[in-house]
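> I'd like to ask some things about the structure below.
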Amino acid sequence: MFSGEGKFRKTYRHQFDQLRSGDETEIPMSTLASRIETRKIPLNMGQINAIKEAPDELVDVDGFQRIVTSKAAQRSTIKRLMYDVADPVMSKSQKIEVHSYIDSYSCCPPPIFMFLITLIQVGVFLFYWESDGRKSIWTDCSGCFQHHNHTAPGILIFAPKLREEVWRFTSYMFLHAGLNHLLGNVVIQLLVGIPLEVAHKIWRIGPIYLLAVTAGSLLQYAIDPNSLLVGASAGVYALIFAHVANVILNWHEMPFRWIRVLILAVFICFDFGGAIYRRFYADQCDSVSHLAHIAGAVTGIFFGYFVLYNVVEHKIETIIRYVCLALYCSLFVVTIVFVIVRQPYSKNLWNDDKCT
């Protein structure tokens, strides 16, 4: 788990200690600049120039950390742009660590996971659309079935009768029921996922996304072992609700927290309100897999709270994180048990008379 002071902060604190003389807690900026050169502190030219150009005032260790990790200290235009992308979804206390991580990050483009997943999804859709004879690009589920007869499931779609082919519990995220479906998912996951990945790193956002997709198919089968499943909506919902977990996790440090809460609350109310209306009041069958959406949301909240980056961590937060992990693992195991026990095409536990 993360402590209150990350590794980059410790490095900058050690550098500041090397610059101090005696019991100094604050150093004039002009003196700081000269000591950096004479004591050969390992800072890059961008950081040194930022210190030299800063107003000549007293600076403590926190001020030193802010200066050497500011946009003014970063010479790379791409990395300054990455700062702008990451800053809206992180707290002020996270900026020193996240900016420092970006400084040390050499891959381009930085948010590899979200770009890669999106490229594969678009590529798979276009490949199967071309192979299927270029049917209606807006509504055709390209790649979902073999031989154009809608009787033999394709190799990627999640099909209950083929549950032994375990890759299908995840691979269905590469298929979409038309370009409308694809665009809706990839646009949201890029807008939401890229800032999260830049701020919280690939090894946190990747597992959240993939676990959500898998949990979506598991829950869908556990409740309704009759339905085929395509699309990456479970992963998209996990990213959205990971933002919720991020706000909760870093509430006291999070800038614009009430604005974030309002935006998320409006989305949740409209989305879940619409789902309830279509499920219970509309006269037509609702083919959207709300169960997969729910699994994605649960993953984003519970697993997200556990795995997302939290610099200032209090004891109660540590306890809550492990409680969230235990709850999520329990739910995951329960759905797996249901998948093993329930046979394909068993009775739907959440029956909809309009979908017969």
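Using full-length UniProt numbering, you'd call the opening residue of the sequence shown number 1 and step up by one each time. The beta carbon of each residue, even a glycine, is placed where N, CA and C say it ideally should be.
For the putative contact between residue 145 and residue 152, defined by C-beta atoms under 8 Å, what is the C-beta separation to the nearest angstrom?
6 Å
> Near residue 192, what residues of its chain come up, given a Cβ to Cβ distance below 8 Å and the 5 sequence neighbours on each side ignored?
236, 239, 240 and 243
> Buried or exposed: residue 95, going by 16 or more other Cβ atoms within 10 Å of its Cβ?
Flag for residue 95 reads buried.
> Which residues bound the alpha helix (DSSP H) around residue 207?
202 to 223
> Verify whether the separation of the beta carbon atoms of residue 220 and residue 291 is less than 9 Å.
yes
> For the pair the region 225 to 234 and the region 171 to 189, tell me if three or more CB-CB distances fall below 8 Å.
yes
> Between the beta-carbon of residue 8 and the beta-carbon of residue 100, is there less than 9 Å?
yes
> Between residue 140 and residue 129, what straight-line distance do the alpha-carbon atoms span, to the nearest angstrom?
8 Å
> Run through DSSP, which three-state label would residue 65 get?
helix
> So is residue 4 buried or exposed if we call it buried at 16+ other beta carbons inside 10 Å?
With a pLDDT of 49 at residue 4, under the threshold of 50, the predicted position of this residue should be treated as unreliable, though the coordinate-derived value follows. With fewer than 16 Cβ atoms within 10 Å of its Cβ, residue 4 is classed as exposed.
> Which class does residue 157 belong to by DSSP, given the choice of helix, strand or coil?
coil
> How about residue 222 and residue 338: do their beta carbons lie closer than 9 Å?
yes
> How do the region 159 to 168 and the region 80 to 87 stand: do at least 3 beta-carbon pairs fall below 8 Å, yes or no?
no
> Please work out which residues of its chain come closer than 8 Å, Cβ to Cβ, to residue 57, disregarding the five sequence neighbours upstream and downstream, and give them in chain order.
28 and 29
> Using the C-alpha atoms, what's the distance from residue 53 back to residue 211?
47 Å
> Would DSSP call residue 152 helix, strand or coil?
strand
> Where does residue 263 fall in DSSP's three states?
helix
> By DSSP, does residue 343 sit in helix, in strand, or in coil?
coil
> Excluding the 5 residues flanking residue 2 on each side, which residues of the same chain have their C-beta closer than 8 Å to its C-beta?
Any reading at residue 2 needs caution, since the residue's pLDDT is 38, under 50, leaving its predicted position unreliable; the model's value is listed next. Same-chain partners within the cutoff: 309, 310, 311 and 313.
> Just reading off the alpha helix (DSSP H) that residue 393 is part of, what are its end residues?
No answer is possible for residue 393: it lies beyond the span of the chain, which begins at 1 and ends at 356.
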